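Let me begin by presenting the structure, written as C-alpha cells, before commenting on it.
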Ligand code: DX5
Ligand code: ZN
C-alpha cells in the first residue's frame, strides 16, 4: 500500500484555508490532518467544531481529526455528521478508551488512538489494539508545530511492529511531529504507513506543496 501523506493544516495560512486546500488538488493517497487543541489537554489553542465543519464543506479530500482535547467524547458527537474520515483521540485523555473506540466506530469510517512520546506502547491493551484502525504515535510533545523529531520514536515503532506480528493484528501506523524528507523513508521502513507533516510541507510556499508531499513518499 502506498504511504498516506497528511499535511497538518496547523502550518497553513489560516486566513486563506480554502485557497490553501486548493493547492493540493489531484493528489491521491492523501488526507488533510486537522489538529484540534483546547488549551487544556495541551497549552495551545487552535480551531474547533465550526471551523472543522467549514473545512469539511470545502474539500473532498479525506479528513483526519487529531483531537488534543480533554473531552474527546464531546467533539466526537458534535462532529459526527461532518463526513470526517478518521477520528483520533488521545489515550491519555480518555477514561475508558475501549468504550470510546466502540462509540467512534458508529459514526466514523476510521478510529484512531494517539499516544504522547512519554506513553509506552504497553499501555495499550490487546483489545484496544485489535479495535483501532490507526495508531497515532506522537514524535513530538503534542501542542505545537515546528518541533524537532524525537529519535526514541523508532524504538516504539519497532515494538509496535512486533506486537502486530505477535497478535496478528493490523492497523495503520501514523507518525506526527517533526516529519520531513530527512526521516520519512526511515519511518516507512519502521512500518509507518501514514506521515503527518506541517511545517515541512508548508514552509516554502504553495508552489512547493505537491513536490514536498511526493518527497515524503520516495
Ligand atoms: C502537534 C500536531 C502536529 C503538528 C505537526 O501537536 O499534532 O500535527 O502540526 O507539525 P510539524 O510537522 O511542524 O512538526
Ligand atoms: Zn497532529
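In the working numbering, the protein residues as written are -8 to 209. All residues carry an ideal CB built from backbone N, CA and C; glycine is no exception. Model, not experiment: these values are computed from the prediction.
Check: Relative to the C-alpha of residue 137, which residue among 3, -8, 101, 65 is closest?
Finding: 3
Margin query: The alpha helix (DSSP H) that contains residue 193, what's its start and end?
Written below: DSSP places residue 193 inside the alpha helix (DSSP H), whose first and last residues are 190 to 193.
Notebook entry, point to check: How long is the line joining the alpha carbons of residue 24 and residue 124, rounded to whole angstroms?
Noted result: 16 Å
Next item on the list: May I ask whether a heavy atom of ligand 1 can be found less than 6 Å away from the beta carbon of residue 137?
Entry: yes
Item checked: Beta-carbon proximity of residue 134 to residue 43, cut-off 7 Å -> no
Item checked: alpha helix (DSSP H) segment containing residue 118, residue limits -> 117 to 122
Check: Between the Cα of residue 194 and the Cα atoms of -1, -7, 53, -6, which residue gives the shortest distance?
Finding: -1
Item checked: Collapsed DSSP secondary structure at residue 43 in the structure displayed -> Secondary structure of residue 43 (DSSP, three-state): helix.
Checklist line | Terminal residues of the beta strand (DSSP E) in which residue 138 lies | finding: First-last for residue 138: undefined, no H or E at that position.
Next item on the list: Assign residue 56 to buried or exposed, taking buried as 16 or more other Cβ atoms, counted over all protein chains shown, within 10 Å of its Cβ.
Entry: buried
Check: Are the CB atoms of residue 196 and residue 1 nearer to each other than 7 Å?
Finding: no
Notebook entry, point to check: Is residue 162 buried or exposed, if buried means 16 or more other CB atoms sit within 10 Å of its CB?
Noted result: buried
Check: How about residue 60 and residue 26: do their beta carbons lie closer than 7 Å?
Finding: no
Notebook entry, point to check: Could you give the C-beta distance for residue 143 and residue 107, rounded to a whole number, given that I count them as a contact under 8 Å?
Noted result: Their Cβ separation, rounded to whole angstroms, is 12 Å, which puts residue 143 and residue 107 out of contact at 8 Å.
Notebook entry, point to check: Taking the Cβ atom as the reference point for each residue, do residue 129 and residue 168 lie within a distance shorter than 7 Å?
Noted result: yes
Note to self: Beta-carbon within less than 8 Å of residue 77's beta-carbon, same chain only, minus the 5 sequence neighbours each way: which residues are those?
What the structure shows: 22, 53, 54, 55, 56, 99, 100, 101, 102, 103, 124, 125
Note to self: Using a Cβ-based criterion (distance less than 6 Å to any ligand heavy atom), does residue 134 qualify as near ligand 1?
What the structure shows: yes
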